[in-house]
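Trainee:
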Amino acid sequence: AKAGTDEAASSALSLEVTYNDEEGKPLDISQLKQGQDVIASLTVKNLTSMKVENVALTQMVAAAYEIHNERMDGVNTVGTRERQQNTPNYNSFGAPVVAASTLEHLDIRDDRIIRYFGLKAGESIQFSTRLNAAYLGHFYQPSIAVEAMYDATKNARSKGLWIDVTSAVTNP
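Per the working numbering: the sequence shown = residues 16 to 187.
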């Protein structure tokens, strides 16, 4: 899709994306100063009554950003889980299932972070990513997408948006 034409959508999974500054205050990322840190928080929730396995969360980042690889600092990158309801999970054969309590795989690249995990019925998981607005200019923040890899009917995506990064130095 052409930049600026993508829309938010959700089917069986929900995706909430918020941006905050280092103090945790909400941040409008459409106007950033060069060198400014941004904390992107992504929350994925399973809206179904069944476990969803092999979920892939692809966090594309605008070319304005450098991704801070927190694995290098020993920071916990496995995500925070919250069970939304107290119902047992059963697979398609009616047997109880147990979800892994941690992220199954993390792939950090120059322009994206891909996370793989499973979610129990009603469960949500939250990830935070530190980004730095390193480059001046007008950039497009692409949609962030989550999908069950073997069941494309279970998916969600955020709406993309334009970002302007301006100089932190003001001329007198």
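We treat Cβ as the ideally placed atom computed from N, Cα and C, and that holds for glycine.
(1) State the DSSP-derived secondary structure class of S193, mapped to helix, strand or coil.
(2) Rounded to the nearest angstrom, what separates A55 and Q74 at their Cα positions?
(3) Tell me whether S158 sits in a helix, a strand or coil according to DSSP, three-state version.
(4) Run through DSSP, which three-state label would Y131 get?
(5) How many angstroms separate the CA atom of A171 from the CA atom of P157?
(6) How close, in whole Å, do the beta carbons of Y155 and V180 come, if the pair is a contact with beta carbons under 8 Å?
(7) Is it the case that the segment 134 to 150 contacts the segment 35 to 55, given that we only count it when at least three CB pairs across the two stretches are under 8 Å?
Mentor: With the structure as the only source:
(1) Only positions 16 to 187 of the chain appear in this structure, which leaves residue 193 out of reach.
(2) 10 Å
(3) coil
(4) strand
(5) The alpha-carbon separation between A171 and P157 amounts to approximately 14 Å.
(6) Not confirmed; about 12 Å, so no contact.
(7) yes
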